[in-house]
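*Asks:* Handing you a structure now.
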Amino acid sequence: MNVNDLVSNVNFLPWLIPVGPLLAFFVITLVTNRAKMVVATSSEYADHNHPGYMGLRVPVSSVSGRILSITVGLSGIIAAWLISLTVVGQALAVEHLGESEVFGSTIPWMVTGISTFNMGVLVDPLTTIMLIMVPLACTMIFIYAIGYMAADARQARFFALISLFAGAMLTLVVADNLLLLFVGWEVMGLCSYLLIGFWFEKESAYKAAIKAFTTTRVADVIMMLGIVYLYMMTGTLSFRDILHNEVMLSVLANTPAVLFGGLSAASLIGIFLIIGTIGKSAQFPLHVWLPDAMEGPTPVSAMIHAAAMVSAGVYAIIRMYPLFEAGGNPHHGLLTPPLMLMAVVGSFTALFAATIAVAQNDVKKVLAYSTISQLGFMMAALGIGAYIAAAFHLITHAFFKALLFMASGSVIHGMEHGDHHVQHAHGHGHDDAAHDAHAHDDHGHDDAHHAPHFDPQDMLNMGGLRKTMPVTFITFLIGGLSLAGFPLITAGFWSKDEILADAWKGLTEGFGPHALVFVLLAVSAFLTAFYTMRQIGLTFWGEARTEQAKHANLGQGIVSFTMTLPLVILAFFAIFAGFVGVPPTFPIFGSIFSPSENPFFEFVKNTLLSEQQPGELTFAWFPVLTSFTVALGGLGLGYLMYWRKPLQAGETDPMVKILGGLYPILKNKYYIDEVYVRVFVKPSQVFASVVVVRFMDGRIIDGILHGIARVFIWIGDFLKLLNMWLIDGVGDGIPEYVAAFGAYFRRFQTGRVQQYLLWVAIAAILIALVFAASSGWLVQASGG
Amino acid sequence: MNDVCSINNLTQCLLDGGVSPDLANLLTILGGVVLVATVPLVTVIFLIWIERKIAARVQDRLGPNRVGPFGLLQSVADAVKMLTKEDITPMGADKFIYNLAPIIAFATVVLIWAIIPFTPLHIGADLSIGILYFVAVASIGTVKIMIAGWSSNNKYALLGAFRTIAQLLSYEVPLVLSLLIPVMIAGTLGMQDMVRAQGSMWFVFMAPVAAVMFFIANLAETGRAPFDLLEAESEIIAGYNIEYSGFKWGMFMAGEFMHAFTAALLAAVIFLGGWWGPFVEQVPALGFVYLGLKTAVVYIFGLILRSTVPRVRIDQLMALNWKWLVPISVANVLITALLLKVVDAIGLAPQSGDFFAHLPQTLVLLVGNLVLMFGVATVLRNRGRAQRLADEAAHPVEHEDAPVVVGAVGH
Amino acid sequence: MVPLWMFLAVAAGVFCIGAYGVLSRRNAVAILMGVELMLNAVNINLIAFWRYVEPLNMAGQAFAAFVFVIAAAEAAVGLAIIISVYRSRRSVIVEDVDMLKW
Amino acid sequence: MFELNAQSIAFILFALFSLGGALGVVTTRNLIHATLYLILSLFGAAGFFVLLSAPFMAAVQVLVYIGAIAILIVFAVMLTRSMTRLSDIYNSQWLLSAIVAGLLFVLLLVGVILPVWGVNGTQAGREVSSIVTTTVDLGKALVDQNQYVLPFEVASLLLTAAMIGAIVVARDDKE
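Quick look at the structure:
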C-alpha cells in the first residue's frame, strides 16, 4: 500500500492518527529539545507551589529549542486531530456503522507457531465518538500548556511527554485488539509516571509518581492475566473476532474458569479486566493514586483525568462489554459477576468520592475526587447495562472535566501571579535572580524564595476572583454547572439523567443492583452539585480573602490568551455536547433535538451485536425529577452556604460546623479506619474481615517464609487486596508483606551471574522434563 | 573431457595402465596434493636467489655468484647450513605451541595454493568460494604469529607479535574490500570462473584502484618492505620469531617468501587474467607459462620496491591504512557497485564474451576509478600544501638562492 | 549421507560443554569462550536443519549468518568490558565483581 | 544407516575436533591453550559446514571466528596476563553445573533428538533433497526486500554499535 492510498483510503487512515504525536515525541526528544545545564536560579526554575532548587545543576532548554518543541508537539497533535476529523466525517457518513462495515485494517504482526497474531486498527461507532473527544481535548490541553508551562525550564520535555501520552491514548483508541490497547495503556502508565513526577525535585511529586505507577501496576498485572487467559481461550485478541461472535461468547460464557470453579471463563476474564480498569480509572479501592496525581502540572491533571487515562479505563470496559455481558442479561436483571462487581464498586465509589470531595479545600483535589466519583457513575452505569449512557457520560465528562481542570489551573496560575505581585509590591525577598526572572518572563511566579510558603491552590485563600478573572469565572461556572448536572441546558445533565433513567428502569422492574445504583448515584449527584457550588463560591464569589487573591490575574499577552482560549472552546462543548443524546421521548427537548430518534444512542448502539443492544428507554418522570431535585437541591444548598453569605477572610468553612465530627474524617479521606468502616461497610463484614486479616496476615508471612502450599499464597494475595481496602490502600500490610518477601528472596541475589544461570538451566530442565513427560516423548524415546 | 591420456588427464593414463578407477582417482588426487605441496617448497629456494640478485642489482652489487652458476646454488647451501643448525627451545617456552607455530606458518601458505588455477584444467580444488577461502586461510596466519610470539616466552617476541598482528588485522580490511571489486565484476567467488571472466578484459583495466590496493595490502600482509616492521631489527630485534632457530626458523622464513610469491600469484590470477594467453584453449599447459610470467612481473616489481623504499614507522603504517587505504577502498567499492548498476541499467553490460562487448563497461569503470584517483590526489596535494605552508611559516626558506642551486644542478 | 541426528547430537554435546564452561569457569574470558561454543553449536544446528529439512529455504543460513554477527558483537563488547574491569579491579574472576546486589 | 565412506570418516574426524576441542576449552587451565582448543573446535564446526554443503558458512566461520574472535580472545587473555593461569579454574558450583550440563545433554538427546530425528524417530523417514541453495541465493536472500534485508541492516547497525561500544568501554580514560 503506497502512501497515496494510505492517505486516501479510510481503512488505512486510522494508522496515521497516533503517528503525529508519537513522531512529535521522538523529534522533540531527539532533536529540538536542546538543553544546557545551568545552575538553577529561582527564575529559571520558578514553579508552581514548590520550592525552587537553587544551586542544582538543571537542564534549561534554549528558547529556540523550546519554541521549536512547542511547534512540533502542537503540529503533531493537530495533525492527529485533523486526521481523526476526516475519519470521523467518513464514519458518520456511513449508514449503521459497525453493524455491517467498520473501518480499519490489520497486518500480520507476529507468527506464533501455528497461529498468527494480527495487529490492526478499527473504527466503529465507539471509536468514532472517542475520536471526536480525545484529539479535541488533547489539542486544547496542548494549547493551554503553552501558556501554563511558559515559565517552566523544561517545557520542551513536557511537550515531548504529553505528546507521547496523547499518542498512546490515540493508539489505545484506534486499536483493534486487546494487546495493542494494552500497549497504549501501559505507555500511558509510563507517561503518567513521568508527568506526575514532572517536578521531580519535589519529594511529594516523585512519591506521588511512584505511588501512581505502582498502584496501576498492581491492577495492570491482573489485567494482563485476563488478556493472556482470553488469548489462551480464544486464540485471538481482536475485538470483532471475539465480541461479534455469538459462538465464541457463548463458549466463553459456558466453560468454567480455571481454579475459580464457580465462575465462567468469561466472568473470570471480565473480572481481571475490570480490576485493571479499577486501577486505571481510579475506582475504590485503587483510587488512592489519583488525588496525589495532582502533584503534576495542571495540564497533566487535565490530560489524566479528562482526556486520556481514566477515560481509557472506562473505554476499555465499554470496548469489551459483550464479554462481561456474556452469559447474563442486565436488561432483564441477570447480572454476571463482573457486571455485579462493576455496579457495586462503581456506585460505591461515586458516593464515597463525592463525600470526600465535599470537605476538600484544595481546588484541584476537589476536582480529583469529583473525577473519581464521576467515573464511578460510568462504572455503575456499565454494571447495570447502561452501556450507551456510560459512553455518553464518558464523553460529556471528558469535556467539562477538562474544562474545569484547566480553569482551576488558570486560577492557580492567577493566584501565583497575584502572589508574585504581592512579593514584588512588598519588595522583600526578591534578588537579582528574581529580577532577571521578571526580565525575561512577564510574570515569573517565583514563590520559591520567600517564607512562609503560600499555597495558591487553597480555596480558602481565594475568593472574589470573578472580578479579576472574568473569563475563567464564566467558563468555570459553565463547567461546574455541567458537572453538577444543571438541568436541561448542560451536557452533564443529559448524560447523568440517562444513567439514572436506566437505573430507574431496572428498579421499576425490581432488580436489586439497579435499585442500589439508583439510590447511591442520586445521593452522590446531590453531593456533586453541592461541592461544585461550594467550590465556585469559595473560589470566585464574595471578597478576596487574601492579598494574593486581590491581585490574582492571568496578566496579558500570549500566556493569558493560550490559557483562556481552550476554556472558551471547551465551555462550548460542555454545554452543547449534551444535546446529541437527548432521548426523543423527553418533553419539548426531545422533539427539538432528536425528533425521530436519539442520534447518539442510535449511532453508538451498533457497536454491539443487535441482540445485545439495549432498547430505547421509555420516558419516565421520576428519574428526571430526581436529577432535577438532586442537581438543583445541591446547587441550592451550596448557594445558601457559600454564595448568599460568602466566606469572609479568616472565617472558618461552614462545613466544619455542619459536619462537626465528620468533617475531619472527610477532610482526611476517612483515614481513620473505624469511621471509614462504620460509615461504609456493614460492621459485621468489617469485623469479620479484620479478624481474618489479623489471623491470615500472620499466617501468610509464616506461610511464605516456610513456603507453605500455594493456596495460602493465593489467599495471601487476596488478603493483600483486602488490606489495601481497609487501610485505604496505603495500609501497612503490603509494605510488610513485600518487605518480608524481599528479605526472603534477597538472598537469591548473590550478584553472580553464573548462579542465576544455573538456576535458569535447572528450571529449564525441570520444565522440559514436565513437558516431555506430559507429551510422552520420553516414552517414545525409550521405545525408539 | 576427452578420454585420451595427456598431461591434462592423468587419470586416463592410469586407467589405460589398467588401474581400478577409484584407485586411479585417489592416485591422481594424491599426486596433485603432493605436487601442490612440494612445488612451493622448491620454489622458495629459487625465490631467495632471485630476491638477493635483484636486491644486489638495485644496490649496485653483484649478489651471490660463487656457489654454482650465477650463484644459483647459494641458497641451497644456506638451506643446508640452516638445517644443520641446533634447534633451540627457550626455557619456559610452551613446547607444544612453540613447535606448532612454524607448521601453521607454512601450512597456511601452502593451503592457499589449493585454489590457484594454473591452467584451464589444473587447479587443486575449484571451490565455489575460492576467494573467500583465500581470505579465511590468510586470516589464520595471524594465529601462527600470535602463538609463536607468545609461546617463546620472550618480551621482544610478544611485542613483535602484537605489532605484527595489529598490522595484519588492519590491512585485512582494505585487502578484502579490494577483493570485493573483482568479485562484483565477475559475479562469482570461484577462482576458475574469475579467470574465465577475464577472457577478453583483465580486471586490472576495469579496477586499477582495486588492483593497487590489493598489491599494497598484500605487501603489508606478507610483511614485505616497506611494511616489514615485523622484523624491524632496530626496534624489536627480529620480531615474533626471534627465539626460533634452525629448521623452524627456516619454515617461518620459507613461509614468508612463499606468502609473498603467493600474493603475486593471486594478483596475477585475479587482476591480470590468470592463465589467459594466446592458444591457451588449445594447449592448456601454456597456462603455466602465462601465469608464471605474469606472476614474475608482479613479484619482481615487489622486489624492486622492497629494495628501494625505506621502512615506515608503525604510526605511519596505521595512519596509511586507516586514513587512506580503508576510506579509499570503501569509496571504491561504492563507486564500482554504482557504476556496475548504471552500466547494467543503460544496457552496456557485455552480452557476448568478446573484447568489444566488454569495452564500454571497462571504459565506464576506468573513468570511475580515475575520478577516484583524482579525488585522492587532490586531497593529498592540499594536505601537502598545507603541510609545506606550515613548515615555511615555522622556518622560512631563502628564496633567492634556491634557483641558483637548481641552475647549478641543471648544467 | 551422515544422518541428521548425529549432527544434532554433536551440536548438543558442544552446546552442553559450552554451557558447563559458562556455568563453572571463574575466569570471565573462559566464560566468554563457553558462550562462543554455545553459539557455535546453535550454528551447527541451524545449518544442519537447513541442509536436511529445508535446503531450498535460505532461513537456516541467513540465521546462521546473523548468529555470526551476534557472536562477533558479543565477543567485542564482552572482551572490552572484561579488559576495563581488569583495568579497574586487576581481576577478571567473576566472583570478584559481584558487588551489584542488594 | 551409517556406512563408512569418506564423508562419514570426515564427519567422525570433525566431530572429534569439535567435541574434543570443546572439552579442552572448558578443562584446560592455561587460557592460551583453551583458546587454541576453541579454535580447534571451531574448525570442526567449519568442517561440518563443508559436509553440509554450506562452504560459504565454513569460510565465514574460519574468517570470523578464528580470524577475528579467537584473536580477540587471545588479546584479552594476554592483556589480562596475571589471570592466564589461575590456581583453581572452577568456581564452587562446578560439580552441580557438570551434572546440569550432562542432564541437559541427555535430555536433548533422549528427549528431543532421538525421538524426532533418530533412527526410527517421527521424522526419520524424510529423504534429503540433493539440490541445495547456493551462496548466490544466500546473498540474494540477505538483500531481498521481502526476505532478510531489514535484519541484515539491523545486524550491520548492531555491529557498528558494538564496535563503538567496545572502543568506548575499553579505552583508557586516563590519558
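Protein chains in written order, with our numbering: chain A, -12 to 771; chain B, 503 to 913; chain C, 28 to 129; chain D, 3 to 177. Ideal Cβ positions, reconstructed from N, Cα and C, are used throughout, including at glycine. The structure presented is a predicted model; accordingly, all values stated were derived computationally and were not measured.
1) Does any residue of chain B bring its CB to less than 9 Å from the CB of Val170/D?
2) Identify the contact partners of Ser118/C in chain D, using a Cβ-Cβ distance below 9 Å as the criterion.
3) What's the call for Arg887/B, buried or exposed, on a 16-neighbour Cβ count within 10 Å?
4) Examine the Cβ distances between the stretch 290 to 304 of chain A and the stretch 137 to 153 of chain A and report whether three or more of them are shorter than 8 Å.
5) If I follow the unbroken alpha helix (DSSP H) through Ser288/A, where does it start and stop?
6) At the 9 Å Cβ level, is Ser51/C part of the contact set with chain A, yes or no?
7) With respect to the alpha helix (DSSP H) encompassing Met818/A, which residues constitute its N-terminal and C-terminal limits?
8) How would you label Asp640/A, buried or exposed, when you count the other beta carbons within 10 angstroms and need 16 or more for buried?
9) Is the number of C-beta pairs between the stretch 32 to 40 of chain C and the stretch 50 to 57 of chain C that are closer than 8 Å three or more?
10) Work out the CA separation of Asn655/B and Lys597/B for me, nearest whole Å.
11) Consider the Cβ of Met85/C: report whether some Cβ of chain A lies at a distance smaller than 9 Å.
12) What number of angstroms, rounded off, separates the C-alpha of Ser630/B from the C-alpha of Val697/B?
13) For Ala438/A, which residues in the same chain have their Cβ closer than 6 Å to its Cβ, ignoring the five residues on either side in sequence?
14) I believe Ser469/A touches Ile562/A by the beta-carbon criterion, under 8 Å. Please report the beta-carbon distance rounded to the nearest angstrom.
15) In whole angstroms, what separates the C-alpha of Ala168/D from that of Gln669/B?
16) Use the C-beta contact count for Ala839/B: other C-beta atoms within 10 angstroms, 16 or more gives buried, fewer gives exposed.
17) Please check if any C-beta of chain D sits within less than 9 Å of the C-beta of Met60/C.
18) Could you check whether the Cβ of Tyr635/B sits closer than 9 Å to any Cβ belonging to chain D?
19) Between which residues of its own chain and Leu552/A is the CB-CB distance below 7 Å, once the five residues before and five after are set aside?
20) Do we get a CB-CB distance below 9 Å when we pair Phe154/D with the residues of chain B?
21) Which residues in chain A have a C-beta closer than 7 Å to the C-beta of Glu122/C? List them in chain order.
22) Excluding five sequence neighbours on each side, which residues of the same chain lie with their C-beta closer than 7 Å to the C-beta of Gly568/A?
23) If you compare alpha carbons, which of Gly49/D, Phe45/D, Ile115/D is closest to Ser10/D?
24) Determine the extent of the alpha helix (DSSP H) in which Met875/B is found, giving its start and end residues.
25) What does the alpha-carbon distance come out to for the pair Gly134/A and Thr495/A?
26) So the candidates are Pro610/A, Leu653/A, Thr477/A, Ser614/A; which of them puts its Cα closest to the Cα of Ile343/A?
27) Could you list which residues in chain D have their beta carbon closer than 9 Å to that of Leu629/B, in chain order?
28) Rounding to the nearest angstrom, what Cα-Cα distance links Gly529/A and Lys632/A in this structure?
29) Could I get the ranges of all uninterrupted alpha helix (DSSP H) runs contained in the stretch 490 to 569 of chain A, with 4 residues as the minimum, in chain order?
30) Would the beta-carbon of Phe12/A fall within 9 Å of that of Leu148/A?
31) Given Val675/B, which residues of its chain have a CB within under 7 Å of its CB, disregarding the five upstream and five downstream residues?
32) According to DSSP, is Pro592/B helix, strand or coil?
33) Evaluate Lys492/A with the Cβ neighbour count: other Cβ atoms within 10 Å of its Cβ, from every protein chain shown; 16 or more gives buried, anything less gives exposed.
34) Assuming the contact rule is C-beta atoms closer than 8 Å, Met279/A and Ala199/A should be a hit. Round their C-beta distance to whole Å, please.
35) Thinking C-beta only, is Tyr113/C closer than 9 Å to Thr82/D?
36) With a CB to CB cut of under 8 Å and the five nearest residues on each side skipped, what residues in its chain are close to Val844/B?
*Replies:* Quick answer:
1) no
2) Thr82, Ser84, Met85
3) exposed
4) yes
5) 285 to 289
6) Yes - at least one Cβ of chain A is within 9 Å of the one on Ser51/C.
7) Residue 818/A is absent from the structure shown; chain A starts at -12 and stops at 771.
8) buried
9) no
10) 10 Å
11) no
12) Approximately 13 Å, taken between the alpha carbons.
13) Any answer about Ala438/A is weak, because its pLDDT of 41 lies below 50 and its placement is not dependable; what the coordinates show is given next. Answer for Ala438/A: no residue qualifies.
14) 7 Å
15) Near 20 Å, if we compare the C-alpha coordinates of Gln669/B and Ala168/D.
16) exposed
17) With respect to chain D, the C-beta atom of Met60/C has a partner C-beta closer than 9 Å.
18) yes
19) Same-chain partners within the cutoff: Ile130.
20) no
21) Arg739
22) Phe379, Trp481, Ser482, Glu485, Asn585, Phe587, Phe588
23) Gly49/D
24) 857 to 896
25) Distance between the alpha carbons of Gly134/A and Thr495/A: 51 Å.
26) Leu653/A
27) Pro57, Ala61
28) So the alpha carbons of these two residues sit roughly 8 Å apart.
29) Restricting attention to alpha helix (DSSP H) runs no shorter than 4 residues, the stretch 490 to 569 of chain A encloses them at 499 to 527, 534 to 538, 544 to 563, ordered along the chain.
30) yes
31) Val828
32) coil
33) buried
34) For the sequence presented, residue 279/A should be read as Asp rather than Met. Between Ala199/A and Asp279/A the Cβ distance is about 7 Å, and since that is below 8 Å, they are a contact.
35) yes
36) Val866
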